[in-house]
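Report on the following structure.
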Amino acid sequence: MFRKILRRYSITSITIGMTLISILLSVGITWGINVFVYKGPLEEGLAISILAPLVIAPLMSVQMLRLIHKLDQTEQQLQVLSHTDELTQTYNRRYFMQYLQQEFQRAQRCAGTFSIAILDMDNFKQINDQWGHLAGDHVLREVTHLFRGQIRQADVFARYGGDEFIFLFPQTNRQEVQIWAERIYAAFAGRSIDVEDVKIRPLFSIGVAVFEPSVNTLDELLKQADQALYQAKHRGGNQFVQNLN
Numbered sequence: 634m635f636r637k638i639l640r641r642y643s644i645t646s647i648t649i650g651m652t653l654i655s656i657l658l659s660v661g662i663t664w665g666i667n668v669f670v671y672k673g674p675l676e677e678g679l680a681i682s683i684l685a686p687l688v689i690a691p692l693m694s695v696q697m698l699r700l701i702h703k704l705d706q707t708e709q710q711l712q713v714l715s716h717t718d719e720l721t722q723t724y725n726r727r728y729f730m731q732y733l734q735q736e737f738q739r740a741q742r743c744a745g746t747f748s749i750a751i752l753d754m755d756n757f758k759q760i761n762d763q764w765g766h767l768a769g770d771h772v773l774r775e776v777t778h779l780f781r782g783q784i785r786q787a788d789v790f791a792r793y794g795g796d797e798f799i800f801l802f803p804q805t806n807r808q809e810v811q812i813w814a815e816r817i818y819a820a821f822a823g824r825s826i827d828v829e830d831v832k833i834r835p836l837f838s839i840g841v842a843v844f845e846p847s848v849n850t851l852d853e854l855l856k857q858a859d860q861a862l863y864q865a866k867h868r869g870g871n872q873f874v875q876n877l878n
């Protein structure tokens with residue numbers, strides 16, 4: 634709760650607020666003691682009750698708030714790292730599967746639909762063998778950047794492993810996911826990635842699976858996408874295939 638307040642307001646604003654609260658509490662306590670215990674003049678005690686928190690509260694509050702803010706930032710960074718692929722800076726497989734499981738349950742509960750696509754680079758081994766793993770890493774980072782420009786805000790994708798990526802398209806049917814796949818191939822048609830003095834053209838196959846009520850488990854849907862990807866590879870690659878229920 635306190636961290637949420639700190640994220641919303643600045644340290645200065647919270648420090649001022651805490652100082653004012655401290656002054657009010659101090660004045661209230663001083664007034665109560667004076668009225669019910671000493672029953673004497675209030676002026677001197679009132680001045681002390683204002684000056685003491687006015688000096689002490691900001692010093693203590695700033696140090697405490699800075700520490701909490703730093704801890705909160707560190708925790709947020711660790712959360713980001715826990716679901717981010719280090720090389721491509723997109724989601725990792727573990728986080729994506731958690732997100733996909735939630736979407737699968739939502740679709741089952743609400744009789745909705747969604748699509749997933751597994752994308753595998755056709756010539757990645759050749760890139761690594763011919764130009765080295767650093768070149769392969771550079772290609773993966775570049776294609777990840779290009780993928781981001783070809784999805785909607787609601788879509789999610791992750792590095793599935795090695796040179797494979799997986800995409801989730803909420804509320805997307807067969808026709809709509811086919812349009813996306815065609816747009817991907819159009820965006821990469823004739824495009825090369827510069828690695829030092831070499832131009833490398835990425836080629837890839839895509840296997841698509843669309844959720845339907847007949848699909849009982851998430852593993853079944855993933856298997857359908859894998860099978861579609863295998864068919865795309867078997868047909869020569871650089872194309873996409875959809876599952877057929």
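Residue numbers (my numbering): 634 to 878. Note that CB positions come from ideal geometry on N, CA and C, so glycine has one too.
Whose C-alpha, out of Leu-720, Val-789, Asp-796, Pro-803, is nearest the C-alpha of Phe-747?
For Phe-747, the nearest C-alpha among the options comes from Pro-803.
In chain order, what are the residue ranges of uninterrupted beta strand (DSSP E) at least 3 long that sit wholly in the stretch 721-808?
Fully enclosed beta strand (DSSP E) runs of 3 or longer: 747-754, 789-794, 797-803.
Can you tell me whether Ile-812 is buried or exposed, with buried defined as 16 or more other CB within 10 angstroms of its CB?
Flag for Ile-812 reads exposed.
Can you list, in chain order, the residues of its chain whose CB lies under 6 Å from that of His-771, leaving out five sequence neighbours each side?
For His-771, where only same-chain residues beyond five positions count, the Cβ hits under 6 Å are Val-828.
For the ligand SAM, any of its heavy atoms closer than 7 Å to the Cβ of Gln-804?
As for the ligand SAM, it is missing from this structure, which has no ligand bound.
Can you confirm whether the stretch 763-781 touches the stretch 860-872 when touching is taken to mean that 3 or more C-beta pairs between the two stretches lie within less than 8 Å?
Touching, no.
Anyone know if the C-beta pair for Arg-816 and Arg-824 falls short of 8 Å?
Not a contact, by the Cβ cut-off of 8 Å.
For Thr-777, which residues from the same chain have a beta carbon less than 6 Å from its beta carbon, with the 5 sequence-adjacent residues on both sides left out?
Excluding sequence neighbours, Thr-777 sits near Thr-721, Thr-723.
Identify every run of the alpha helix (DSSP H) within the stretch 800-870, keeping only runs that are complete inside it and at least 4 residues long; order them along the chain.
Counting whole runs of 4 or more residues, the stretch 800-870 contains the alpha helix (DSSP H) stretches 807-821, 851-867.
Just to confirm, is the Cβ distance from Val-874 to Val-843 under 8 Å?
Going by C-beta atoms, Val-874 is not nearer than 8 Å to Val-843.
Could you spell out the range, first to last residue, of the beta strand (DSSP E) harbouring Gln-939?
Outside the displayed range of the chain (634 to 878) lies residue 939, so it cannot be described from this structure.
Could you pull out every residue in the same chain whose Cβ sits closer than 7 Å to the Cβ of Leu-773, ignoring the five residues on either side in sequence?
Closer than 7 Å at the Cβ level, and outside the excluded window around Leu-773, lie Leu-720, Thr-721, Asp-796.
Would a C-beta distance cut-off of 8 Å place Ile-751 and Leu-862 closer than the cut-off?
Their beta carbons are under 8 Å apart, which means Ile-751 touches Leu-862 by this criterion.
To the nearest angstrom, how far is it from the Cα of Glu-845 to the Cα of Ala-814?
Rounded to the nearest angstrom, the two C-alpha atoms are 19 Å apart.
Can you tell which of Gln-857, Leu-851, Gln-860, Ala-858 has its C-alpha closest to the C-alpha of Glu-736?
Looking at the Cα atoms, Leu-851 is the closest of the given residues.
Please list, in chain order, all residues of the same chain as Ala-858 whose beta carbon is under 6 Å from its beta carbon, the five residues on each side excluded.
Answer for Ala-858: Ile-749, Ile-751, Gly-840, Ala-842, listed in chain order.
Determine the direct distance from the alpha carbon of Phe-800 to that of Gln-731, and round the result to whole angstroms.
For Gln-731 and Phe-800, the distance between alpha carbons rounds to 13 Å.
Please state the DSSP three-state secondary structure of Leu-714.
With a pLDDT of 49 at Leu-714, under the threshold of 50, the modelled position of that residue is not reliable, and the figure given next carries that caveat. Three-state DSSP puts Leu-714 in a helix.
Assuming Phe-837 contacts Val-789 under a Cβ cut-off of 8 Å, what Cβ separation, rounded to an integer in Å, is found between them?
Actually they are not in contact, since the Cβ atoms of Phe-837 and Val-789 sit about 19 Å apart, beyond 8 Å.
Would Arg-726 and Ala-791 be called neighbours here (beta carbons separated by less than 8 Å)?
Yes, Cβ-Cβ distance for Arg-726 and Ala-791 is below 8 Å.
For Phe-780 versus Gly-769, is the C-beta distance shorter than 8 Å?
Contact flag unset, no.
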